[in-house]
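Undergrad: Numbering (UniProt numbering), first residue to last: 11 to 463.
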Amino acid sequence: VAKVKTSFFCQNCGAQYPKWIGQCTSCKQWNTIVEEVIQKEEKPAWKSSATPTSKRAGSPIRLSEITQEKELRLDTQDMEFNRVLGGGLVPGSLTLLGGEPGIGKSTLLLQIALKLPYKTLYVSGEESQKQIKMRADRILPSSENCFILTETKTQNIFQQITSLEPDLVIIDSIQTLHTDYVDSGAGSISQIRECTAELIKFAKETHTPVILVGHITKDGNIAGPKILEHMVDTVLQFEGDRNYVYRILRSLKNRFGSTAELGIYEMQGSGLREVNNPSEVLISKNDENLSGTAIAATVEGMRPLLIEIQALVSSAVYGTPQRSATGFNAKRLNMLLAVLEKRAGFKLGAKDVFLNITGGISVDDPAIDLAVMASILSSNSDIPIEKGVCFAAEVGLAGEIRPVQRVDQRILEAEKLGFSTIYVSKNNKIGLKNPNIQVQLVSKIEDVVSHLF
Ligand code: TYD
Ligand code: MG
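Quick look at the structure:
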């Protein structure tokens, strides 16, 4: 009788221990160590058919002797997805897509599978074929290249892959997979690790790109060991507020491109629509001038983006004034309020301040500071900010207006969208020659106040 071999894993970080302990010594979490059976046999699920042909296989090779072929990329037919990947899927790469439940991961990947002119295998361990069909009907009624498999055992999946020979494999989700060579339940650390390792082996040997869906935990990390993120080539995160229609796709790690890129989608009744010109949708088209709103020219990833900030300042009803911010760091809001109080003499200490970035997106670009301040001042005095005015500057603790990165790009975007004035720091080096927009240089918060109100 084979002896059952077990080991202890931290469910939070994936660290392995020979015996149970109360606190994980690597991530310091309590009660996360769980015993898992790791009865590993020699046979891997993806059996490599390739035997080393040349004598050189496996031996070191001079860097200069490695032939550089033109990097091939699989065009996903989705501009936003391609952009975030850095130009499409790299053959043989593993991409992990994480996100909260219900945010639209399955929708996004099914949509890509339906539109692709290549043979795609969509493996689902979460939904039935009927459910997937219903979803597909909402997005695109017919597709000849998309194959659906509802299966969770990797051995069976690889069997189907061998006969179908797809150009792209999508696994929804990695937490539902299990392999025979590990005995613990699906979703456990050792299962996730082993299944991912099998998929990597398959991807690298057949040059087939694989996309995995990964669940995230309450605190926003991808469930499972951190090593899952180390193992794959690219980690994407799909985020947004479920009550709003906009979704943002970011890359947290990318071995083949920049992690600064960003994709924006709008969830519609018929799937996700690519938002190629985000500034236009994120600014409300109000004819009336309302007090308390200001437009900020931010840069998210590599893309300039104009967003609308709304503030409401009112007398506090209760003793302690409330401060709340949606889409903006609350600590930063408190800091800006303190600067207004101390440096510009506004008495906001007894006021409730609510701040909201429209569209349900969150921004951490410091260049929106000035717009945040302007919206607060506008609401406080109940004087609307003139139409066609936008802001791109950081505010320092002394009330000084600080320069921001890529100011030219921001000015150009504001100009493109028909803005007439943009406020930037006096210390910003502007390379643009004669932009068709007035660039208002300011150095102190008082300058802005005297210009605006
Ligand atoms: P889903 O893609 O299943 O999310 P995940 O896989 O990340 O858990 O869910 C997407 C949500 O979007 C779901 O609540 C239904 C909704 N939806 C639309 O609004 N329009 C659509 O065309 C589809 C397919 C889904
Ligand atoms: Mg899903």
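Each residue gets a CB set at the ideal place from its N, CA and C atoms; glycine is no exception.
#1: Rounded to whole angstroms, what's the CA-CA distance from Thr216 to Ala424? Just pull it up for me.
#2: Could you compute how far the alpha carbon of Gly135 sits from the alpha carbon of Thr16?
#3: What residue range does the alpha helix (DSSP H) around Asp147 cover?
#4: Output the residue ranges of the alpha helix (DSSP H) runs that lie fully inside the stretch 334-387 and measure 4 residues or longer, sorted by chain position.
#5: Considering only heavy atoms of the ligand TYD, does any lie closer than 8 Å to the CB of Ser280?
#6: In this structure, does DSSP put Thr16 in helix, strand or coil?
#7: To the nearest angstrom, how far is it from the Cα of Asn287 to the Cα of Ala403?
#8: Looking at the structure shown, is Arg72 part of a helix, part of a strand, or coil, going by DSSP?
#9: For the stretch 388-408 against the stretch 260-274, are there 3 or more C-beta pairs whose distance is under 8 Å?
#10: Go ahead and pull the three-state DSSP assignment for Val291.
#11: Any idea what DSSP makes of Gln448, helix, strand or coil?
#12: Buried or exposed: where does Met144 fall if 16 or more other Cβ atoms within 10 Å of its Cβ makes it buried?
#13: In three-state DSSP terms, what is Phe266?
#14: For the 8 Å Cβ check, are there 3 or more pairs between the stretch 240-249 and the stretch 25-41?
#15: If you check the beta carbons only, do Glu81 and Val100 fall under 9 Å apart?
#16: Less than 9 Å separating the beta-carbons of Gly398 and Ile371?
#17: Say whether the stretch 118-135 touches the stretch 169-179, bearing in mind that this needs 3 or more beta-carbon pairs closer than 8 Å, one atom from each stretch.
#18: At a cut-off of 8 Å, is Arg148 close to the ligand TYD when judged by its beta-carbon and the heavy atoms of the ligand?
#19: Please state whether DSSP places Thr35 in a helix, a strand or coil.
#20: Would you please state the rounded distance, in angstroms, between the beta carbons of Ala381 and Ala304? I believe it to be under 8 Å.
#21: Three-state secondary structure (DSSP) at Met89?
#22: With DSSP run on the structure shown, which of helix, strand or coil describes Glu298?
#23: Heavy atom of the ligand MG less than 8 Å from the Cβ of Ser391, yes or no?
#24: Sorted by chain position, which residues of the same chain lie with C-beta nearer than 7 Å to Gly114's C-beta, five sequence neighbours on each side aside?
#25: Compute the minimum distance between the beta carbon of Ser116 and the heavy atoms of the ligand MG, and state whether it is under 8 Å.
#26: For a minimum of 3 consecutive residues, which ranges assigned as the beta strand (DSSP E) are wholly contained in the stretch 185-228?
TA: In terms of the structure at hand:
#1: 47 Å
#2: 26 Å
#3: 139-149
#4: 340-353
#5: yes
#6: strand
#7: 22 Å
#8: coil
#9: no
#10: helix
#11: strand
#12: exposed
#13: coil
#14: no
#15: yes
#16: no
#17: yes
#18: yes
#19: coil
#20: 4 Å
#21: helix
#22: coil
#23: no
#24: Phe248, Arg257, Met277, Leu282
#25: yes
#26: 220-225
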